[in-house]
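K.L.:
In the working numbering, the protein residues as written are 7 to 108.
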């Protein structure tokens with residue numbers, strides 16, 4: 007029900023209250039990278055940038071790959087940098103290997 011109302015643009019402020027983490031995507035608006043701002047009192051926010059074709063060196067050659075920028079901002083009062091970096095590395099790994107998600 008919540009997802010359906012979100013897709014229809016019918017969420018109320020109560021529906022969006024009391025979150026602990028936000029994922030924000032400005033890539034759909036053409037933004038390549040940005041620094042999101044934490045919605046207090048949440049612990050963090052992940053910004054997703056635009057998917058773009060970029061040259062990448064793999065296996066000794068240059069290949070064109072779909073790439074995007076992820077920007078993780080977190081509250082250091084709640085979380086140290088190492089666990090946050092591990093979380094971001096896991097997100098990257100899952101995006102690079104989407105079959106693992108299912």
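All C-beta atoms in this analysis are idealised placements derived from N, C-alpha and C, irrespective of residue type, glycine included.
Going by Cα to Cα distance, which pick from 20, 51, 29, 8 is closest to residue 85?
P.N.:
One-based indexing of the chain shown puts residue 85 at position 79. Out of 20, 51, 29, 8, 51 has the C-alpha closest to the C-alpha of residue 85.
K.L.:
From 58, 15, 27, 26, pick the residue whose C-alpha is nearest to that of residue 36; which is it?
P.N.:
By 1-based counting over the chain shown, the position of residue 36 is 30. Answer by Cα proximity: 58.
K.L.:
Kindly list the residues whose CB is nearer than 7 Å to the CB of residue 17, restricted to its own chain and excluding five residues on each side of it in sequence; keep chain order.
P.N.:
As a working note, residue 17 is residue 11 in the chain shown. Answer for residue 17: 11, listed in chain order.
K.L.:
How long is the line joining the alpha carbons of residue 8 and residue 21, rounded to whole angstroms?
P.N.:
Residue 8 sits at position 2 when you count from the first residue of the chain shown. Residue 21 sits at position 15 when you count from the first residue of the chain shown. For residue 8 and residue 21, the distance between alpha carbons rounds to 8 Å.
K.L.:
From this set, 99, 47, 68, 98, which residue's C-alpha is nearest residue 28's C-alpha?
P.N.:
Indexing the chain shown from 1 puts residue 28 at position 22. That would be 47, whose Cα lies nearest to the Cα of residue 28.
K.L.:
Taking the beta carbon of residue 66 as the centre, do at least 16 other beta carbons fall within 10 Å, making it buried, or is it exposed?
P.N.:
By one-based count along the chain shown, residue 66 stands at place 60. Residue 66 should be labelled exposed.
K.L.:
Can you pull the DSSP bridge partners for residue 61?
P.N.:
For the purposes of this step, residue 61 is taken as residue 55 along the chain shown, with counting starting at 1. The partner list for residue 61 (beta bridge, DSSP) reads 70.
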